[in-house]
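Student:
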Amino acid sequence: MNVKKVGIVSYGAGIPVCRLKVQEVINVWKNTDLKLVEENLGVTERAVLQPDEDVITLGVLAAQRALDKVPGHELQALYLGTCTNPYDSRASASIILEMLGSGYDAYCADIQFAGKSGTSALQICQALVASGMTGSALAIGADTINRNTAPGDLTESYAGAGAAALLVGTENVIAEFDGSFSCAADIADNIRPQGDRYIRSGMGLGSDKNSIGLEDQTRRAAEGLMAKLHTSAADYDYVVFQQNLVSTPYSLGKHLGFNAKQIEPGIYAGSVGDTGAASPLLGLINVLDQARPGQKILMVSYGFGAGSDAIALTVTDAIGQYQKRNKPLRQLLEDKTYVDYGTSIKYEFKYLRADYALTAYL
């Protein structure tokens, strides 16, 4: 029996144009050291949302860029992974589906598991296509961490926003799925309770939140998949991790036996900040922009709460032609306009006034 390859057919990214220098935030709050953030953590600026930008608009932009490279494609499934949905009880995935104008008959839902929401959506899409339930499926990871981070929070200077869309199918596959592995545990490292706008730490300062959350879950997923596939770190040309900071992937990779050469091609967060559910998918896109046929990729995401997805892929011969007609992520990141801190506060609606008339004109 001829079994078709299931993998990524196309991809697209959506990044806000506005940027804010890390120094602008620290100059106002004076709550951390500029050298620490820029040199040790690796972030010099972050994305700023404009007033009309959110998870939905960024998701649509990324999806359009993915679908534009597959003319005439009929969208059969769409899954949106996000932890900063603009609606508490309304599906944003259905709004994106409507805005894409691809019809109404499709599998469609929102997926929520913090930073791994996007990779979880990708796993669902892969399973749908592999099972034959649908011929193709679009996975979107999108978050607005900046709008959901409180003014003065220690993470405000590198809380970004962005979206990534990956079309999964069996025709003209550019990266084939080799396998996946997931794990989860009840860990309140970061939380956003019902009714709260801002993400905050669920554990006190000085706690081992990173070691029992990010590090342990990432290690469990990565080692679990490599054991399942009988591979080791040396078998992969590239590795992509959750990228809230530039320093995070290097730290995680070191503990798992990966070197800087395998990690560096996926790095992009220094100029955009933490993009949440889009983070590992954007790292994967950055790798696919430069990968060659036959090369192997390991992607490992992390979502606070806590859990991790590990996905292995092999680049196919179709990647060369795809790269020729694709605008790489690095070029998208160069399209930017700087704003000051006051403008970012206004654009991201950090301080909201009461929703009633204050005077006859306000």
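All letters in the sequence shown, in the order written, are residues 914 to 1275 by the numbering used here. The C-beta atom is built at its ideal place from N, Cα and C for all residues, glycine as well.
Give the DSSP-derived three-state secondary structure of K934 in the structure shown.
Tutor: In the structure shown, K934 sits in a strand (DSSP, three-state: E or B).
Student: Alpha carbon to alpha carbon, how far is L947 from L933?
Tutor: In a straight line, the C-alpha of L947 is about 14 Å away from that of L933.
Student: Taking C-beta to C-beta, are G1016 and E987 nearer than 9 Å?
Tutor: Result yes, Cβ atoms of G1016 and E987 sit closer than 9 Å.
Student: Taking only runs that begin and end inside the stretch 1000 to 1031, name each unbroken beta strand (DSSP E) of 3 or more residues, in chain order.
Tutor: Fully enclosed beta strand (DSSP E) runs of 3 or longer: 1020 to 1024.
Student: Quick check: the Cα distance between V941 and L1127, rounded to an integer number of angstroms?
Tutor: Distance between the alpha carbons of V941 and L1127 is about 30 Å.
Student: Quick check: the Cα distance between D1187 and I1180, rounded to an integer number of angstroms?
Tutor: Their Cα atoms are separated by approximately 12 Å.
Student: State the beta-bridge partners of D1187 as determined by DSSP.
Tutor: For D1187, which the question treats as bridged, DSSP gives the partners A1072.
Student: If I follow the unbroken beta strand (DSSP E) through S1145, where does it start and stop?
Tutor: Unbroken run through S1145: none, as it is neither H nor E.
Student: So for C1096, helix, strand or coil by DSSP?
Tutor: Three-state result, C1096: strand.
Student: Straight-line CA distance for D1230 to G1207?
Tutor: Taking the straight line joining both Cα atoms gives about 7 Å.
Student: Ends of the beta strand (DSSP E) at V1200?
Tutor: Run containing V1200: none in the beta strand (DSSP E); it sits in the alpha helix (DSSP H), S1192 to L1201.
Student: Below 8 Å, can you find three or more Cβ-Cβ pairs linking the stretch 1151 to 1171 to the stretch 948 to 956?
Tutor: Yes, the stretch 1151 to 1171 touches the stretch 948 to 956.
Student: Run through DSSP, which three-state label would M914 get?
Tutor: Its pLDDT being 43, under 50, M914 is placed unreliably in this model, and the value from its coordinates should be taken loosely. Here M914 sits in coil by DSSP.
Student: Which partner residues of E958 appear in the DSSP bridge assignment?
Tutor: Answer by DSSP bridge pairing, in chain order: K934.
Student: Report the CB separation of A1101 from S1221 in whole angstroms; it is logged as a contact under 8 Å.
Tutor: With 8 Å as the limit, A1101 and S1221 do not qualify as a contact, their Cβ atoms being about 16 Å apart.
Student: Less than 9 Å separating the beta-carbons of G1054 and T995?
Tutor: For G1054 and T995, yes; Cβs fall inside 9 Å.
Student: Look at R1113 and E1261 and say whether their C-beta atoms are less than 9 Å apart.
Tutor: Their beta carbons are not under 9 Å apart, which means R1113 does not touch E1261 by this criterion.
Student: Just verifying my parser: in three-state terms, what is the DSSP assignment at N1336?
Tutor: Because the chain here runs from 914 to 1275, residue 1336 falls outside it and cannot be looked at.
Student: Helix or strand or just coil, what does DSSP make of A1225?
Tutor: A1225 falls in the strand class under three-state DSSP.
Student: Buried or exposed, going by whether 16 or more other CB atoms sit within 10 Å of the CB of T1250?
Tutor: Exposed, by the Cβ-count rule.
Student: Which residues mark the beginning and the end of the beta strand (DSSP E) in which S923 is found?
Tutor: From DSSP, the beta strand (DSSP E) with S923 extends over G920 to G927.
Student: Count the CB pairs spanning the stretch 1167 to 1181 and the stretch 990 to 1010 that are closer than 8 Å, and state whether there are at least three.
Tutor: The stretch 1167 to 1181 is not in contact with the stretch 990 to 1010.
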